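S.K.:
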Amino acid sequence: MQSLLIIIFITFSRAEYHIVIPMLTAPKRLPMIVYTADYIVNAYKYGHPGIVIDAIFLSNGCNGCKNPDILEAAKIFREAGINTILTNITSEDYDNEQFYSHLMDIYESIFPLRGASDYVPFGHKKFNRINYYFYKTADMAVKQYPLFDYVLFLEDDQAFYKNAFIRLKELFDRYNLTGDHVETHLIPNVPSPESDNAKGCIWGYYGKLQNRKEYFRFRKLAKFDKWIRCGDIVQCLWVDASDMPSRRLNLGRHFGRDSYIKRYDPKYYN
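Sequence positions in the sequence shown follow mature numbering (1 follows the signal peptide of the UniProt record, and there is no 0) and run -15 to -1, 1 to 255.
1) For V175, which residues in the same chain have their Cβ closer than 7 Å to its Cβ, ignoring the five residues on either side in sequence?
2) To the nearest angstrom, report how far apart A59 and F112 are at their CA atoms.
3) Just verifying my parser: in three-state terms, what is the DSSP assignment at F240?
4) Looking only at its own chain, which residues have a Cβ that is under 8 Å from the Cβ of K51, when we skip the five neighbours before and after it?
5) What are the complete beta strand (DSSP E) segments, minimum 3 residues, inside the stretch 125 to 198?
6) How long is the line joining the alpha carbons of V127 and F133, rounded to whole angstroms?
7) If you drop the 5 nearest sequence neighbours on each side, which residues of the same chain put their C-beta closer than 7 Å to that of I18?
8) Starting from the Cα of H251, find the closest Cα among G241, N48 and G237 and give me that residue.
9) Within 10 angstroms of its Cβ, does K193 collect 16 or more other Cβ (buried), or is it exposed?
10) Using the C-alpha atoms, what's the distance from K121 back to Y20?
11) Could you tell me which whole beta strand (DSSP E) segments of length 3 or greater appear in the stretch 35 to 88?
12) From L137 to V5, what distance separates their C-alpha atoms?
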């Protein structure tokens, strides 16, 4: 019996976990996606025991715009042996949706009644466009790799600590696959204590991790809020409706609004 338990433990601890990564970028003043690619590759090379990135799906979040940084990021990933796919997803279907203008009128009308801040049509449409790109990119990823274990949503402006994938494997080994959590945030948008049973909502696609059950539930819920005010707030609504917890780790940092960012920051890279 003792030998059997040892065999089971060894088998479990050596299991491979397969990840697909939908990643969205757009032209920026600084080549943030190149910085992000550096950090991901640095952490992956440092150690990813039992973790396999099946593919990174890179989508350019603007129609017809030139973005040489996405090509440089793809080169960095591929030279590290990470399968990288440049998608041809555009937002034309979303941008040409006739119902959207009516919905914007509705939002503009109800915001004062809710005591909310002024309604900003540009922001509303921007967030939903981001949402659209992520949904399409993630759906493409899971269709091409149907045996995935996890979906890791990434934006183009986050740093990962060198030991990020080692710590991620530790999380996977204790992860409850029954789907009784909302999701896991690897890079909270604000400093947050680590927890396996965190309450409350965290916005942001930078480091949103979902197992199979969490992902497919998320996509079902998203059908009912296609035009939600904020791109990823569907999970915030699910937290309130279900009273389910989420997991939070601090495996890196979102640096999108940091005017002092630099490539190869030793705080994360070394």
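Where is the CB? At the ideal position from N, CA and C, for every residue including glycine. All of these numbers come straight from a predicted model, not from anything done at the bench.
M.R.: The answer reads as follows:
1) The sequence position of residue 175 within the sequence shown is 190, counting from 1. Counting only Cβ-Cβ distances below 7 Å, and skipping sequence neighbours, we find nothing.
2) On the sequence shown, position 74 is the one that residue 59 refers to. On the sequence shown, position 127 is the one that residue 112 refers to. In a straight line, the C-alpha of A59 is about 25 Å away from that of F112.
3) If you number the sequence shown from 1, residue 240 lands on position 255. DSSP places F240 in the coil class of the three-state scheme, outside both helix and strand.
4) Taking the sequence shown and counting its residues from 1, one reaches residue 51 at position 66. Contacts found: P12.
5) Within the stretch 125 to 198, the runs of beta strand (DSSP E) at least 3 residues long that lie entirely inside it are, in chain order, 135 to 138, 143 to 145, 180 to 183 and 193 to 196.
6) As a first step, residue 127 must be located in the sequence shown, where it is residue number 142. As a first step, residue 133 must be located in the sequence shown, where it is residue number 148. Spanning the two alpha carbons is a distance of roughly 7 Å.
7) For the purposes of this step, residue 18 is taken as residue 33 along the sequence shown, with counting starting at 1. Excluding its 5 nearest sequence neighbours in each direction, I18 has C-beta neighbours in its own chain below 7 Å: T10, D54, I55, A58 and D141, listed in chain order.
8) Translated into positions along the sequence shown, residue 251 becomes position 266. What sits at residue 251 in the sequence shown is Pro, not His. Nearest to P251 by alpha-carbon distance, out of G241, N48 and G237, is G237.
9) If you number the sequence shown from 1, residue 193 lands on position 208. K193 counts as buried, since at least 16 other C-beta atoms from the protein chains shown sit within 10 angstroms of its C-beta.
10) Position 35 of the sequence shown, counting from 1, holds the residue named residue 20. Position 136 of the sequence shown, counting from 1, holds the residue named residue 121. Between the alpha carbons of Y20 and K121 lies a gap of roughly 24 Å.
11) Runs of the beta strand (DSSP E) lying entirely within the stretch 35 to 88 and spanning at least 3 residues, in chain order: 36 to 45 and 69 to 71.
12) The residue labelled residue 137 in the question sits at position 152 within the sequence shown. The residue labelled residue 5 in the question sits at position 20 within the sequence shown. If you take the alpha carbons of L137 and V5, they lie about 6 Å apart.
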